[in-house]
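Student:
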């Protein structure tokens, strides 16, 4: 039976994925960051490793996890067998962390039939569903065609202007300790600080036991900082957890949202205190 699915929500449960695993267009991506291929490491059955750092970042950029070109993203997505009619579910090993970055990148390249797995690999294991040793994808290449949606990503000049002219609400996903300069940055040599005129919403505030909080709780978290129609830029340390805020905001009904690719690593390096 040629059963295909269309994903209508930004996030799906492990029960949903288990139920739809055999759909002919389902592709499960493991978006765990800094994961090294190892057959002693486990994955969701038939998952394909989406290597954010090495395959889906501009490694020539001075800053980590930099947004790739459309040519690079398209090539690497095809090598993972991604097609125009694929339905993608992406997860990571922390619950919801780097998987949101994968989801956001696909959206930035014009692909929307994708969702984050709520709770990720830990929730899949907790449910008792089958796992298998990590396997490298060697199947047929896909026909994915990228189309850049420029409104999804912001870069240094965009954020510099937004900060000075207050055209956007800039929301920082880092911990309050980092935002308030109470703890050192984890990146060696990076100064403490925050982007002028930005506000703080730690990405962890949107999660509970590794799961994204219900829509009502997400709406409340964002309502304290921005109206539904406001233009918003999400930032973090290096553009990863800002996408968790983008995920939560999307579910909460915000539409005019974007992610600052370089985030504090770039800003704190280029702009001296």
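Numbering (our numbering), first residue to last: 16 to 288.
The C-beta atom is built at its ideal place from N, Cα and C for all residues, glycine as well.
1) Kindly list the residues whose CB is nearer than 6 Å to the CB of residue 133, restricted to its own chain and excluding five residues on each side of it in sequence; keep chain order.
2) Around the Cβ of residue 117, are there at least 16 other Cβ atoms within 10 angstroms (buried) or fewer (exposed)?
3) Confirm the yes/no value for this check: CB of residue 283, any heavy atom of the ligand NAP, distance under 7 Å.
4) Measure the C-alpha to C-alpha separation of residue 64 and residue 151 and round it to an integer number of angstroms.
5) Any idea which residues DSSP pairs residue 169 with across the strands?
6) In angstroms, rounded to a whole number, what distance separates the CA positions of residue 248 and residue 273?
7) What would DSSP say about residue 94, mapped onto helix, strand or coil?
8) What does the alpha-carbon distance come out to for the pair residue 54 and residue 147?
9) Just curious, the alpha helix (DSSP H) that residue 214 is in, first and last residue?
10) Closest to residue 237 by C-alpha separation, out of 202, 261, 193, would be which residue?
11) Which partner residues does residue 63 have in the DSSP bridge list?
12) Nearest by alpha-carbon distance to residue 183: which of 190, 174, 191 is it?
13) Could you check whether residue 115 and residue 258 sit closer than 8 Å to each other, using their CB atoms as the reference points?
14) Confirm, please, whether the CB-CB distance from residue 212 to residue 186 is below 8 Å.
15) Quick test of your reading: residue 110 and residue 137, contact by CB under 8 Å. State the CB separation rounded to the nearest angstrom.
16) Hey, could you find the ends of the alpha helix (DSSP H) residue 132 is sitting in?
17) Would you mind reading off the limits of the alpha helix (DSSP H) that contains residue 249?
18) What does the Cβ neighbour count give for residue 153, buried or exposed, with the cut at 16 atoms within 10 Å?
19) Can you check whether the CB of residue 121 is closer than 8 Å to the CB of residue 91?
20) For the beta strand (DSSP E) containing residue 105, name the first residue and the last one.
Tutor: According to the data block:
1) Stepping through the chain shown from its first residue, residue 133 is reached at position 118. Its chain contains 26, 28, 226, 227 as the residues whose beta carbon lies nearer than 6 Å to that of residue 133, once the 5 sequence neighbours on both sides are disregarded; these appear in chain order.
2) As a working mapping, residue 117 is identified with position 102 in the chain shown. Answer is buried; the Cβ neighbour count reaches 16.
3) With respect to the ligand NAP, the structure shown offers nothing to examine, as it has no ligands at all.
4) Within the chain shown, the letter at position 49 stands for residue 64. Within the chain shown, the letter at position 136 stands for residue 151. Their Cα atoms are separated by approximately 7 Å.
5) As a first step, residue 169 is located in the chain shown; it is residue number 154 there, counting from the start. For residue 169, which the question treats as bridged, DSSP gives the partners 275.
6) Locating residue 248 in the chain shown gives position 233, counting from the first residue. Locating residue 273 in the chain shown gives position 258, counting from the first residue. Linking residue 248 to residue 273 through their CA atoms gives a straight-line distance of about 5 Å.
7) The residue labelled residue 94 in the question sits at position 79 within the chain shown. Helix at residue 94.
8) Position 39 of the chain shown, counted from the start, is the residue given in the question as residue 54. Position 132 of the chain shown, counted from the start, is the residue given in the question as residue 147. Each residue's Cα considered, the two are about 9 Å apart.
9) Counting from 1 along the chain shown, the entry for residue 214 is found at position 199. Premise fails: residue 214 lies in the beta strand (DSSP E), 213 to 215, not in any alpha helix (DSSP H).
10) Taking the chain shown and counting its residues from 1, the one referred to as residue 237 is at position 222. For residue 237, the closest of 202, 261, 193 by C-alpha to C-alpha distance is 261.
11) Position 48 of the chain shown holds residue 63. Partner(s): 44.
12) To locate residue 183, count along the chain shown from 1; it is residue 168. Of 190, 174, 191, the residue nearest in Cα terms is 174.
13) Residue numbering aside, residue 258 sits at position 243 when the chain shown is read from its first letter. Residue numbering aside, residue 115 sits at position 100 when the chain shown is read from its first letter. It is a contact, given that the beta carbons lie within the stated cut-off.
14) Indexing the chain shown from 1 puts residue 186 at position 171. Indexing the chain shown from 1 puts residue 212 at position 197. No, Cβ-Cβ distance for residue 186 and residue 212 is not below 8 Å.
15) Here residue 110 is taken as the residue at index 95 of the chain shown, counted from 1. Here residue 137 is taken as the residue at index 122 of the chain shown, counted from 1. Contact flag correct, Cβ pair sits at about 6 Å.
16) Taking the first residue of the chain shown as position 1, residue 132 is located at position 117. First-last for residue 132: 129 to 132, but that is the beta strand (DSSP E), not the alpha helix (DSSP H).
17) In the chain shown, counting from the first residue as 1, residue 249 sits at position 234. Segment 247 to 250 is the beta strand (DSSP E) holding residue 249; no alpha helix (DSSP H) there.
18) Translated into positions along the chain shown, residue 153 becomes position 138. So residue 153 ends up on the exposed side.
19) In the chain shown, residue 91 corresponds to position 76, counting from 1. In the chain shown, residue 121 corresponds to position 106, counting from 1. For the pair residue 91 and residue 121, the CB atoms are not nearer than the 8 Å cut-off.
20) Translated into the one-based positions of the chain shown, residue 105 becomes position 90. 102 to 106 is the extent of the beta strand (DSSP E) around residue 105.
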